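Chemist: Here it is, the structure, as structure tokens.
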Amino acid sequence: METIRNRPAETAVKGRNRARHLPSRRQLAGLFFVLPAVTFTLLFFIIPLLMTIWMSLHDWPLIGTPSFIGSGNYDTLAADRQFWTSLGFTIRYTLLVTPPIFILAFVLALLVNLPLRGVGLFRTAYFIPVVIGLGASSLLWVWLLNDRVGPFNTILRQVNLLQGSLVWLGSFDTALFAIIVSVVWKTVGFTMVLLLTGMQAIPQEIYQAAMVDGASYLGRLRHITLPLLRPTIALALVLSVIGSFLAFDQFYIMTRGGPRNQTITVVYWIFNNSFTYFKMGYGAALSLVLMGFLVILSMLQLRLLHREISY
Amino acid sequence: MKRLSRHARVVAVLAILLATLALSLPSSAQEPVTIAFWSRDSAAALVQSLADAWNASHDNQIEVTLIPAAEYITKLGTAIAAGEPPDLLAIDLIYVPQFAAAGQLTEISELAAGLPFFDTLSPSHIRLATYEDGLYALPFNAEASVLLYNKDLFRQAGLDPEQPPTNWQEIYDAAVAISALGEDIDGFYFSGACAGCNAFTFLPLIWASGGDVLNEDATEATLTDPMVKAALEFYHQMWTEGLMPETALVDAGAEFLSAFFSGKIGMMGSGAFSISTLKNEHPEIDFGITFLPGKEGGVSSFAGGDSIGIPAGSKYPEEAFEFIEWVLSDEVQLEMFARTASLPVRTDLAENKYFEEDPRLTTNAQAMALGRTPYSLVYNQLFNDSNGPWLAMIQQAVFDGQIDEAIAYAQQQFTEIMAQVQD
Numbered sequence: 188m189e190t191i192r193n194r195p196a197e198t199a200v201k202g203r204n205r206a207r208h209l210p211s212r213r214q215l216a217g218l219f220f221v222l223p224a225v226t227f228t229l230l231f232f233i234i235p236l237l238m239t240i241w242m243s244l245h246d247w248p249l250i251g252t253p254s255f256i257g258s259g260n261y262d263t264l265a266a267d268r269q270f271w272t273s274l275g276f277t278i279r280y281t282l283l284v285t286p287p288i289f290i291l292a293f294v295l296a297l298l299v300n301l302p303l304r305g306v307g308l309f310r311t312a313y314f315i316p317v318v319i320g321l322g323a324s325s326l327l328w329v330w331l332l333n334d335r336v337g338p339f340n341t342i343l344r345q346v347n348l349l350q351g352s353l354v355w356l357g358s359f360d361t362a363l364f365a366i367i368v369s370v371v372w373k374t375v376g377f378t379m380v381l382l383l384t385g386m387q388a389i390p391q392e393i394y395q396a397a398m399v400d401g402a403s404y405l406g407r408l409r410h411i412t413l414p415l416l417r418p419t420i421a422l423a424l425v426l427s428v429i430g431s432f433l434a435f436d437q438f439y440i441m442t443r444g445g446p447r448n449q450t451i452t453v454v455y456w457i458f459n460n461s462f463t464y465f466k467m468g469y470g471a472a473l474s475l476v477l478m479g480f481l482v483i484l485s486m487l488q489l490r491l492l493h494r495e496i497s498y
Numbered sequence: 326m327k328r329l330s331r332h333a334r335v336v337a338v339l340a341i342l343l344a345t346l347a348l349s350l351p352s353s354a355q356e357p358v359t360i361a362f363w364s365r366d367s368a369a370a371l372v373q374s375l376a377d378a379w380n381a382s383h384d385n386q387i388e389v390t391l392i393p394a395a396e397y398i399t400k401l402g403t404a405i406a407a408g409e410p411p412d413l414l415a416i417d418l419i420y421v422p423q424f425a426a427a428g429q430l431t432e433i434s435e436l437a438a439g440l441p442f443f444d445t446l447s448p449s450h451i452r453l454a455t456y457e458d459g460l461y462a463l464p465f466n467a468e469a470s471v472l473l474y475n476k477d478l479f480r481q482a483g484l485d486p487e488q489p490p491t492n493w494q495e496i497y498d499a500a501v502a503i504s505a506l507g508e509d510i511d512g513f514y515f516s517g518a519c520a521g522c523n524a525f526t527f528l529p530l531i532w533a534s535g536g537d538v539l540n541e542d543a544t545e546a547t548l549t550d551p552m553v554k555a556a557l558e559f560y561h562q563m564w565t566e567g568l569m570p571e572t573a574l575v576d577a578g579a580e581f582l583s584a585f586f587s588g589k590i591g592m593m594g595s596g597a598f599s600i601s602t603l604k605n606e607h608p609e610i611d612f613g614i615t616f617l618p619g620k621e622g623g624v625s626s627f628a629g630g631d632s633i634g635i636p637a638g639s640k641y642p643e644e645a646f647e648f649i650e651w652v653l654s655d656e657v658q659l660e661m662f663a664r665t666a667s668l669p670v671r672t673d674l675a676e677n678k679y680f681e682e683d684p685r686l687t688t689n690a691q692a693m694a695l696g697r698t699p700y701s702l703v704y705n706q707l708f709n710d711s712n713g714p715w716l717a718m719i720q721q722a723v724f725d726g727q728i729d730e731a732i733a734y735a736q737q738q739f740t741e742i743m744a745q746v747q748d
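Protein chains in written order, with my numbering: chain A, 188 to 498; chain B, 326 to 748.
And the structure:
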């Protein structure tokens, strides 16, 4: 995100310097302009965050009276086997789901960036799954994967790849594979659009100059597109990794955390603790620890991918 | 001064809103009120017909909100936490201790004691509605678990449809015979990924054999009971021998009853609700109802259903109780419950003219009377949670065959969870 903010930030600093010399009425007006944003941030981010921190220091049942327990929830968390298993599983899921999304999105972006007639149709087609709610798409996939009435098994049987029936969501490996396929289908369009915008922002002159110099398609891809796409990739990667880390719906709907509780993600575990076991305080502590992980992870990714770009 | 005038306008609008609100609120008890009533959707038909009948004959109105059964506790918990509980609620009897202990239900001991038929109310419901000598709810509807079987398949397999199984061996033999009828026909079914379904239909197999999963006062887990292991081995054997369809593995309850609709399932555990559903929607299926048996015989049942109570924050507790009293009256129990194949919640009305017409209903009423219900403040976490130890044990034991490991892990988890409420 730093790359994106850099330039507007500079202008903002300059603006502030200039504002010092303006009449106070206009300063006041400026304050009013930012007031909605400040109120919004306070109301929907800062205050809830402070409340979450406060709750995490309590034994806070969803119903009943809270009592202060200091770091009690964090001590429980350290010894909570399911939490660490869930964190491990969430990391594993993120590592498995991110590369296919990126590779496929990149290839699709290259394809729909071609100046061909009717390419808009494909862009729309690839993007449509993004518009469907994750809940709805998960339910759709549950049906697609059904061992008796689902079309996948029928097709596999017809091409003799499958005999009998395969209960996709019944064992860990096939369930995880099926969920990854469904998530890639659901989200690849979004990453594709991000990458496409990035590609279209690259000035055509650079490509033309390279072509004059005799650079091949792959050469242009490797030495122009990829390096210049770096900030876009960074943004898409951060969004995608955060999304995967916060995965919940697909596991809640498609596997209910099963089989044998092997697909319980961190957010799923937070949900269970807060709303099934009514331990809001503990849920708050888990959420904060997860937020910590995400902050570190996002900073790492941005640092790795951040580099000044000049055309 | 623009800002001030805008403020003034906002204040004016608020004042008008408050005034309208104040006018719409009842100024005295005589004026009719609207009672917000919550129920889980599984009881939808009954609840709606009750509300309609009540609304047609009373000034105070009942407004029903139906909530998906699996989300009920979450929804209720968050509504209470937000300070907006309903005025009246029907709740799975199993959860009453938890909500009573949290101080979220109004104690109604004295009001209930005044009911002329108090002594005839379903004993399981009353026991679960009692917390530290106070009564916090009354029975609303009853669901006892039974063994449902397809008489046509019994006939085809050369079994006597009037002689349903009375022990596990007979269930097994019948399942083998029925499974042999065809590749797509299975002898037995259970929802292998549904926690609550298996508390309802699997626990009675253990109870009927003389075993239990909790000690008498529900302070200790007793999953190491040999009958728990025997019951798991029984299911595991039927699973490995292919007497159940593969779908059992992932069914989180969606096909708890509908699996039977295909006419290709020989036997499965179910409840009273299946009788009216099957009669109305699948009259082509000739089905029988019998008790869930023990290993060597004996019978048991899970006495479930909903209780009805008044949340601590109810706006109209007295009016709400009038509705409860009406629901439990002779006329409503007979004409609105028994006539539509719902079990009455009063033992003195279990035998009635409507049930005499269909012996399957009487079997269900008897199952309710002999049924048991665990009493626990952490019932949801132990049994009904899809990620809890109960379901994890069943899955690991039945599908993976790791019976001893599954039991050991569940015993440890049960103990841990139960320790949370005892300190």
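C-beta: ideal position from N, C-alpha, C; glycine also. None of these values were measured; they are calculated from a predicted model.
1. Since I believe B:P490 is in contact with B:K476 (beta carbons under 8 Å), could you give me their beta-carbon distance rounded to a whole number of angstroms?
2. Would A:T463 count as contacting chain B if we go by Cβ distances under 7 Å?
3. On the premise that B:G594 lies in contact with B:F525, defined as a C-beta separation below 8 Å, what is that separation, rounded to the nearest angstrom?
4. According to DSSP, is A:S431 helix, strand or coil?
5. In the structure shown, what three-state DSSP assignment does B:Y280 receive?
6. For a contact defined as C-beta to C-beta under 7 Å, what are the partners of B:V575 on chain A?
7. My output table needs one value for A:L492: the three-state DSSP class, helix, strand or coil.
8. Quick test of the definition: if touching needs 3 or more C-beta pairs under 8 Å, does the segment 543 to 555 of chain B touch the segment 719 to 739 of chain B?
9. What do you get for B:S353, buried or exposed, if any count of 16 or more other CB atoms within 10 angstroms of its CB means buried?
10. Based on Cα-Cα distance, which residue from A:L477, A:L348, A:F465 lies nearest to B:N705?
11. How should B:A744 be labelled, buried or exposed, when 16 other C-beta atoms within 10 angstroms of its C-beta is the threshold for buried?
12. Using a 10 Å radius around the Cβ and a threshold of 16 neighbouring Cβ atoms, would you call A:G307 buried or exposed?
13. Please report whether the beta-carbon of A:D334 lies at a distance below 7 Å from any beta-carbon of chain B.
14. Using the C-alpha atoms, what's the distance from A:W372 back to A:P316?
15. Give me the subset of the segment 702 to 723 of chain B whose CB atoms are less than 7 Å from a CB atom of chain A, sorted by chain position.
16. Do you know whose CA, among B:L375, B:A370, B:H383, lies nearest B:E356's CA?
17. Decide yes or no for the touch test of the segment 459 to 471 of chain B against the segment 617 to 634 of chain B: beta carbon pairs closer than 8 Å, at least 3 of them.
18. Which residues of the segment 443 to 456 of chain A have a Cβ closer than 9 Å to any Cβ of chain B? Give them in chain order.
19. What residues of chain A sit near B:I496, judged by a beta carbon separation below 9 Å?
20. For B:K566, would you say it is in contact with chain A, using Cβ-to-Cβ distances shorter than 7 Å as the test?
21. Please report how far the alpha carbon of B:A646 lies from the alpha carbon of A:T463, in whole angstroms.
22. Which residue from B:N540, B:G507, B:E650 puts its Cα closest to that of B:K589?
23. Assess contact between the segment 323 to 335 of chain A and the segment 433 to 451 of chain A, defined as three or more Cβ pairs (one per stretch) separated by less than 8 Å. Is contact present?
24. Counting only beta-carbon separations shorter than 7 Å, does A:N459 have a partner in chain B?
25. What does the Cβ neighbour count give for A:Y404, buried or exposed, with the cut at 16 atoms within 10 Å?
26. Is any beta-carbon of chain A found at less than 7 Å from that of B:F739?
27. Hey, out of A:L475, A:N460, A:V482, A:L489, whose CA is closest to B:G402's CA?
28. Using 10 angstroms around the beta-carbon of B:D673, count the other beta-carbons present and answer buried if the total reaches 16, otherwise exposed.
29. If the criterion is Cβ atoms closer than 7 Å, does the pair A:S243 and A:A471 meet it?
30. Hey, does B:G459 have any beta-carbon neighbour from chain E nearer than 7 Å?
31. Looking only at C-alpha atoms, which of B:M693, B:D655, B:D611, B:F627 sits nearest to B:Y474?
32. With distances taken from CA atoms, which of B:W379, B:S449, B:S364 is nearest B:P410?
33. Give the DSSP bridge partners of A:H245, in chain order.
34. Got a sec? Which residues, its chain only, sit under 6 Å from B:S599 by beta carbon, not counting five neighbours each side?
35. What residue does the beta strand (DSSP E) around B:N466 start on, and which one ends it?
36. Measure from the C-beta of A:I250 to each C-beta in chain B and report whether the shortest distance is under 7 Å.
Modeler: Let me lay it out:
1. By 1-based counting over the second sequence, the position of residue 476 of chain B is 151. By 1-based counting over the second sequence, the position of residue 490 of chain B is 165. The pair is not a contact, with the Cβ atoms about 13 Å apart (cut-off 8 Å).
2. If you number the first sequence from 1, residue 463 of chain A lands on position 276. For A:T463, the nearest beta carbon of chain B is closer than 7 Å to its own beta carbon.
3. The residue you call residue 525 of chain B lines up with position 200 of the second sequence. The residue you call residue 594 of chain B lines up with position 269 of the second sequence. Rounded, the Cβ-Cβ distance is 7 Å, consistent with contact.
4. Start at 1 with the first residue of the first sequence, and residue 431 of chain A comes out as number 244. Reduced to three states, the DSSP call for A:S431 is helix.
5. Outside the displayed range of chain B (326 to 748) lies residue 280 of chain B, so it cannot be described from this structure.
6. The sequence position of residue 575 of chain B within the second sequence is 250, counting from 1. Those are V354, L356, G357, listed as they occur along chain A.
7. Stepping through the first sequence from its first residue, residue 492 of chain A is reached at position 305. A:L492: helix per DSSP, three-state reduction.
8. The segment 543 to 555 of chain B, when compared against the segment 719 to 739 of chain B, does touch it at the 8 Å Cβ threshold.
9. Residue 353 of chain B sits at position 28 when you count from the first residue of the second sequence. With a pLDDT of 48 at B:S353, under the threshold of 50, the predicted position of this residue should be treated as unreliable, though the coordinate-derived value follows. With fewer than 16 Cβ atoms within 10 Å of its Cβ, B:S353 is classed as exposed.
10. Numbered from its first residue, the second sequence carries residue 705 of chain B at position 380. Of A:L477, A:L348, A:F465, the residue nearest in Cα terms is A:F465.
11. The residue given as residue 744 of chain B occupies position 419 in the second sequence. Classification for B:A744: exposed.
12. Residue 307 of chain A sits at position 120 when you count from the first residue of the first sequence. By the Cβ-count criterion, A:G307 is exposed, with fewer than 16 other Cβ atoms from all chains shown falling within 10 Å of its own Cβ.
13. Along the first sequence, one-based indexing puts residue 334 of chain A at 147. Among the CB atoms of chain B, one or more fall inside 7 Å of the CB of A:D334.
14. To locate residue 316 of chain A, count along the first sequence from 1; it is residue 129. To locate residue 372 of chain A, count along the first sequence from 1; it is residue 185. Taking the straight line from one Cα to the other gives about 7 Å.
15. Listed in sequence order: N705, Q706, D710, S711, N712, A717, Q720, Q721.
16. The residue given as residue 356 of chain B occupies position 31 in the second sequence. Among B:L375, B:A370, B:H383, the Cα nearest to that of B:E356 is on B:H383.
17. Output reads yes: the segment 617 to 634 of chain B touches the segment 459 to 471 of chain B.
18. Of all residues in the segment 443 to 456 of chain A, R443, G444, G445, P446, R447, N448, I451, Y455, W456 have a Cβ within less than 9 Å of some Cβ in chain B.
19. Translated into positions along the second sequence, residue 496 of chain B becomes position 171. The contacting residues do not exist; B:I496 stays about 24 Å from chain A at best.
20. Counting from one through the second sequence, the residue named residue 566 of chain B turns up at place 241. The amino acid occupying residue 566 of chain B in the given sequence is Glu; Lys does not appear at that position. Chain A, which has no Cβ nearer than 7 Å to the Cβ of B:E566, makes this no.
21. Taking the second sequence and counting its residues from 1, the one referred to as residue 646 of chain B is at position 321. Taking the first sequence and counting its residues from 1, the one referred to as residue 463 of chain A is at position 276. The amino acid at residue 646 of chain B is misidentified as Ala; the sequence shows Phe. Rounded to whole angstroms, B:F646 to A:T463 spans 29 Å at the Cα level.
22. The residue labelled residue 589 of chain B in the question sits at position 264 within the second sequence. When each option's Cα is compared against that of B:K589, the closest is B:G507.
23. By the Cβ rule, the segment 323 to 335 of chain A counts as touching the segment 433 to 451 of chain A, because three or more pairs are nearer than 8 Å.
24. As a first step, residue 459 of chain A is located in the first sequence; it is residue number 272 there, counting from the start. Cβ-Cβ to chain B under 7 Å: yes for A:N459.
25. For the purposes of this step, residue 404 of chain A is identified with residue 217 of the first sequence, where counting begins at 1. By the 10 Å Cβ count, A:Y404 comes out exposed.
26. The count along the second sequence starts at 1 and reaches residue 739 of chain B at position 414. Judged by the 7 Å Cβ criterion, B:F739 is not in contact with chain A.
27. Taking the first residue of the second sequence as 1, we reach residue 402 of chain B at position 77. Restricting attention to A:L475, A:N460, A:V482, A:L489, the CA atom closest to the CA of B:G402 is found in A:N460.
28. Locating residue 673 of chain B in the second sequence gives position 348, counting from the first residue. It is exposed - the Cβ of B:D673 has fewer than 16 other Cβ atoms within 10 Å.
29. The residue given as residue 243 of chain A occupies position 56 in the first sequence. The residue given as residue 471 of chain A occupies position 284 in the first sequence. Result yes, Cβ atoms of A:S243 and A:A471 sit closer than 7 Å.
30. Protein chains A and B are contained in the structure displayed, whereas chain E is not.
31. Residue 474 of chain B sits at position 149 when you count from the first residue of the second sequence. It is B:D611 whose Cα lies nearest to the Cα of B:Y474.
32. Along the second sequence, one-based indexing puts residue 410 of chain B at 85. Out of B:W379, B:S449, B:S364, B:S364 has the C-alpha closest to the C-alpha of B:P410.
33. Looking up residue 245 of chain A in the first sequence gives position 58. Answer is A:F255, bridged to A:H245.
34. What you label residue 599 of chain B is simply residue 274 of the second sequence in a count that begins at 1. Contacts found: L473, L582.
35. The residue labelled residue 466 of chain B in the question sits at position 141 within the second sequence. First-last of the beta strand (DSSP E) with B:N466: 463 to 469.
36. The residue you call residue 250 of chain A lines up with position 63 of the first sequence. With 7 Å as the cut-off, A:I250 counts as an interface residue toward chain B.
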